[in-house]
Amino acid sequence: MDHDAFRRLERWCWRAPSAHNTQPWRLRYEPDAIRIGWDPAHTLPAGDPTGRDLRLSLGAFVETCLIVAADAGLRLDYLADHDEHHRWVGLLRPAPDRYPTPFRTTDVWERRTDRGHLAAGVDGDTLAAVDAVARPAGGSVRTVPQAGRLGALLRAADRRLYADPAVVGELRRWLRLDPTHPGYHADGLTDRCLALSRPAATGLRAALAGYPVLRPLGLPRLLAAAAGDPLAQGGTVLVLVAPDHLDEPGQVEFGRVLMRTWLTLHTAGLAAHPLSQLIDVPTTRTALGALLDVAPQRLLHVARVGRPTRPAPRSARRVAAGRA
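Taking the numbering used here, the leading residue of the sequence shown gets 104, the next gets one more, and so forth.
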């Protein structure tokens, strides 16, 4: 197996998405395979206690590796080998043929999360295309009407998360609100990617610094209000729905499905803004499931999707720092 050829591709593989841009994936080069796992220091045990977002990001990374390798002419496939105790999900290994995919490395490189204004939503043909990506795995992609109920659920979810000191502590750890932050060009959520002005970034940094004192005085409600209403920024809200009783390896596989849906949207000229808080909070997750008439445990990913009005900033990456 040509490890050096794959190592040269790592900078593109690292463009896979992850919650808070923690980039949890790790590679271990073995004689006849490349093992994919994760680093617990780059997970979110408070914000993602079930590990759902972690496993989705690992699956997205697997899919990204296969796409990039295929575009470079490397013949690899993926063998699932989920081991929660040792923190591995599977292996990239030599294959007789290239991984079949319609996507290219340029799609991986150019796809971005966009928290700005989205001029239009998702048309029927594009919705059918992304739904067709999920259907073979037993899932579906559904739209959510952007009525007052959804906005109320978003506000409730934000208030609940901002009221949790552990969740806020994780957020503070991964926020990069000043270009002088040592991790600004490596990982985390930058002020630019969050579409924050300099005064807004400074205010958020000050508010979070005073969180222990200000929390009992109503800071969570103020922070939720300051986050604004993403639904007012346009777009269509899409939900990735999984089969019932999806286990942990199955969530990794649906991370691959999620990556394919994001790239399908990207090639249609659309961008996505995750609204995962809706399913991170049990009460709003249940309410969203009721809106869609879907069991809440089947809701895997929520995003606002539409056509960007200007290029979004590129999020930072550590590139090859995860090599073991």
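The beta-carbon is built from N, C-alpha and C at its ideal position, and this holds for glycine as well.
Mapping DSSP to helix, strand and coil, what is alanine 232?
Helix, per DSSP.
Considering only the alpha carbon of each residue, which of Gly241, Pro315, Leu257, Ala231 lies closest to glutamate 356?
The shortest Cα separation from glutamate 356 among Gly241, Pro315, Leu257, Ala231 belongs to Gly241.
Helix, strand or coil for proline 117 per DSSP?
This sequence places tryptophan at residue 117; proline is not what is there. The answer is coil: DSSP assigns tryptophan 117 none of H, G, I, E or B.
DSSP state of histidine 404, grouped into three classes?
It is a strand residue.
Thinking C-alpha only, which one of Ser160, Val211, Asp347, Arg308 is nearest valine 192?
That would be Ser160, whose Cα lies nearest to the Cα of valine 192.
Name the residue from Arg359, Arg262, Gly291 whose alpha carbon lies nearest to the alpha carbon of alanine 237.
Per the Cα distances, Arg359.
Checking 7 Å against the spacing of the C-beta atoms, do leucine 264 and valine 270 come in under that value?
Cβ atoms of leucine 264 and valine 270: closer than 7 Å.
Mapping DSSP to helix, strand and coil, what is aspartate 180?
Three-state result, aspartate 180: strand.
Would DSSP call alanine 424 helix, strand or coil?
Residue confidence for alanine 424 is low, a pLDDT of 41 falling below 50, so the modelled location carries little weight; the figure read from the coordinates is stated next. Correct three-state label for alanine 424: coil.
For proline 282, tell me which candidate among Leu299, Ala266, Glu273 has the shortest Cα-Cα distance.
The shortest Cα separation from proline 282 among Leu299, Ala266, Glu273 belongs to Leu299.
For proline 352, which residues in the same chain have their Cβ closer than 7 Å to its Cβ, ignoring the five residues on either side in sequence?
Within the same chain, proline 352 has close Cβ partners Ala183, His185.
What are the uninterrupted segments assigned as beta strand (DSSP E) that are 3 or more residues long and contained completely in the stretch 360 to 390, given in chain order?
Qualifying beta strand (DSSP E) stretches, in chain order: 374 to 377.
So, is tryptophan 365 buried or exposed, given that buried needs 16 or more other C-beta atoms within 10 angstroms?
By the 10 Å Cβ count, tryptophan 365 comes out buried.
Just to confirm before moving on: does the CB-CB distance between leucine 253 and valine 244 stay below 7 Å?
Contact flag unset, no.
If we ignore side chains and look at the alpha-carbon of each, how far apart do arginine 426 and tyrosine 132 end up?
Unreliable positioning characterises arginine 426 in this predicted model, as indicated by a pLDDT of 45, which lies under 50. The coordinate reading is nonetheless provided below. Approximately 8 Å, taken between the alpha carbons.
Check this for me: beta carbons of proline 399 and threonine 389, under 7 Å apart or not?
In this structure, threonine 389 lies closer than 7 Å to proline 399 by Cβ.
Thinking C-beta only, is leucine 381 closer than 7 Å to leucine 297?
Going by C-beta atoms, leucine 297 is not nearer than 7 Å to leucine 381.
In angstroms, rounded to a whole number, what distance separates the CA positions of glycine 219 and threonine 367?
Distance between the alpha carbons of glycine 219 and threonine 367: 20 Å.
Is there contact between the stretch 149 to 157 and the stretch 199 to 213, where contact requires at least three CB pairs shorter than 8 Å?
The answer is no - the stretch 199 to 213 does not touch the stretch 149 to 157, with fewer than three Cβ pairs under 8 Å.
Enumerate in chain order the residues of its own chain whose CB-to-CB distance from alanine 260 is below 6 Å, with the five nearest sequence positions on each side excluded.
For alanine 260, where only same-chain residues beyond five positions count, the Cβ hits under 6 Å are Gln380, Leu381, Val384, Thr387.
Tell me the rounded alpha-carbon separation between alanine 424 and glutamate 273.
In this predicted model, alanine 424 has a pLDDT of only 41, less than 50, meaning its place in the structure is not dependable; the value taken from the coordinates is given anyway. So the two alpha carbons sit approximately 21 Å from each other.
Mapping DSSP to helix, strand and coil, what is threonine 246?
Three-state result, threonine 246: strand.
Taking all protein chains shown into account, decide if proline 199 is buried (16 or more other Cβ within 10 angstroms of its Cβ) or exposed.
Exposed, by the Cβ-count rule.
Would you list the one or two residues that DSSP bridges to leucine 394?
DSSP, once it has assigned bridges, lists no residue as partnering leucine 394.
Grab me the residues of proline 346's own chain with a C-beta within less than 8 Å of its C-beta, minus the 5 sequence neighbours each way, in chain order.
For proline 346, where only same-chain residues beyond five positions count, the Cβ hits under 8 Å are Ala240, Gly241, Gly242, Gly353, Arg401.
Return the CA-CA distance between glycine 176 and arginine 201, expressed in angstroms with no decimal places.
Answer to the nearest angstrom: the Cα atoms are 7 Å apart.
Alpha carbon to alpha carbon, how far is valine 225 from leucine 334? Give it in angstroms, no decimals.
Taking the straight line from one Cα to the other gives about 14 Å.
Quick check: the Cα distance between isoleucine 415 and arginine 214, rounded to an integer number of angstroms?
At residue 415 the sequence reads alanine, which differs from the isoleucine that was named. Straight-line Cα distance between these residues: approximately 10 Å.
Determine the DSSP secondary structure at leucine 320, reduced to helix, strand or coil.
Three-state result, leucine 320: helix.
Taking DSSP as the reference, what is the three-state secondary structure of glutamate 187?
If DSSP states are grouped into helix, strand and coil, glutamate 187 belongs with coil.
Could you give the DSSP three-state label for glycine 409: helix, strand or coil?
Looking at glycine 409 - three-state DSSP - the assignment turns out to be strand.
Counting only the same chain and skipping the five closest in sequence on each side, list residues whose C-beta sits under 8 Å from that of arginine 421.
Correct list, in chain order: Trp117, Gln126, Ala289, Asp290.
Taking the alpha helix (DSSP H) that leucine 299 belongs to, which residues open and close that run?
Looking at the DSSP string, leucine 299 is not in any alpha helix (DSSP H), and its letter there is neither H nor E.
For alanine 327, collect the residues of the same chain with a Cβ closer than 7 Å to its Cβ; drop the 5 residues on either side in sequence, then sort them by chain order.
Cβ within range, chain order: Arg258, Asp261, Arg262, Tyr265.
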